[in-house]
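Worksheet for the structure shown next.
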Amino acid sequence: MKRIKFNMGWAITLFFAGLASQLSAQNYPFELPKLPYGYNALEPAIDAATMEIHYSKHHAAYVKNLNNAVKGSNVEGHSLEELMLHVSVLPDAIRNNAGGHYNHSMYWAILALDHPFDSTSEVGKAVIRTFNSVDSLKRMLNKAGATRFGSGWAWLYVTTDKKLAVCSSPNQDNPIMDVSPERGIPILAIDVWEHAYYLKYQNKRGDYLAAMLNAINWDVVNKNYTEALASPLLKTIEKHRTGKK
Ligand code: MN
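Numbering (our numbering), first residue to last: 60 to 304.
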């Protein structure tokens with residue numbers, strides 16, 4: 060009887076781990092995910108030329124450089140999640156390219172013009188509860204992205220106590236990484252590197268952010284939210300944090 064219970068527990072854990080992030084569970088060799096739409100699908104928020112260069116050159120390079128960085132090393136068999144959890148003791152090439160791969164994969168997935176905010180969805184209810192309105196959340200995300208000096212990302216993420224929060228990160232860092240002052244699981248990512256917007260918006264990062272925040276696929280963000288709440292990764296991050304104190 061005990062044995063059955065143990066196996067059931069494992070089956071449930073693995074089930075949720077699988078749901079939590081198929082991407083995070085990826086191992087070497089890492090692969091560029093298929094873009095879920097055409098390069099022009101997000102016009103006029105973002106133009107096809109930017110999308111094509113961003114996806115086929117920038118993201119592809121992060122994947123290639125990540126594979127080069129882990130190949131033959133003692134972390135070759137580690138998942139993307141495991142790499143990100145330990146970037147503080149890994150070479151910068153792994154920190155930058157593991158983040159570059161994970162962050163861009165989330166960015167493509169959470170963008171769309173035809174999946175508007177739904178205040179009755181799970182994440183919709185949590186957004187209203189936490190930020191009062193989706194407009195107030197958008198203002199916070201815009202500010203987080205606009206005030207990030209240099210290159211980086213704006214995030215909506217689930218904290219280790221299962222709350223929603225907004226932050227930004229430098230370069231290709233993200234809240235899963237052990238170097239991040241804000242820890243948790245991202246559910247919405249906005250790239251604020253100049254390569255993400257310069258062709259169309261030049262120096263007007265705030266205008267780019269405003270347009271992208273109206274091009275969010277809230278169905279995917281809702282899926283990311285419910286998966287993050289159930290993910291064992293949240294407990295892992297909490298354990299890391301506690302261990303450091
Ligand atoms: Mn980018």
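Beta carbons: idealized from backbone N, C-alpha and C, even for Gly. Computed from a prediction, not measured in an experiment: that's the story for all the values here.
- A distance criterion of 7 angstroms places the beta-carbon of Ala-274 beyond contact range of the ligand MN, judged by its closest non-hydrogen atom.
- For the options Glu-253, Tyr-284 and Glu-140, the alpha carbon positioned closest to that of His-113 is the one of Glu-253.
- Between Ile-187 and Val-280 a beta carbon distance of about 14 angstroms is seen, past the 8 angstroms cut, so the two are scored as non-contacting.
- Scanning its chain for C-beta atoms nearer than 6 angstroms, with the 5 sequence neighbours on each side dropped, one finds around Thr-189 the residues Leu-223, in chain order.
- Using a C-beta cut-off of 8 angstroms, the stretch 242–258 makes contact with the stretch 213–221, since at least three inter-stretch Cβ pairs fall below that distance.
- The closest CA to that of Asp-237, considering only Arg-154, His-160 and Trp-167, is found on Arg-154.
- Here the alpha carbons of His-145 and Val-122 stand approximately 18 angstroms from one another.
- Straight-line measurement puts the Cα of Ser-227 at about 21 angstroms from the Cα of Ala-104.
- Residue pairing from DSSP places Val-217 in a beta bridge opposite Leu-223 and Ile-244.
- Beta-bridge partners of Trp-212 (DSSP): Ser-228 and Asp-250.
- By the neighbour-count criterion, in which 16 or more other beta carbons inside 10 Å mark a residue as buried, Lys-197 falls on the buried side.
- Relative to the non-hydrogen atoms of the ligand MN, the Cβ of Trp-214 never comes closer than 7 angstroms to any of them.
- A residue is called buried once 16 or more other Cβ atoms fall within 10 Å of its Cβ, and Phe-89 is buried on that count.
- In the structure shown, Leu-101 falls within a coil segment according to DSSP collapsed to helix, strand and coil.
- Here Leu-94 carries a coil assignment [DSSP, helix/strand/coil].
- Membership of Arg-207 in any alpha helix (DSSP H) is not indicated, and neither H nor E is assigned to it by DSSP.
- Pairing Leu-268 with Ala-205 gives a Cβ-Cβ distance under 8 angstroms.
- Per DSSP, the continuous alpha helix (DSSP H) segment holding His-163 begins and ends at 151–168.
- With contacts defined as CB atoms closer than 8 angstroms, Leu-272 and Leu-200 qualify as a contacting pair.
- Between the C-alpha atoms of Ser-210 and Asp-250 there is a straight-line separation of about 8 angstroms.
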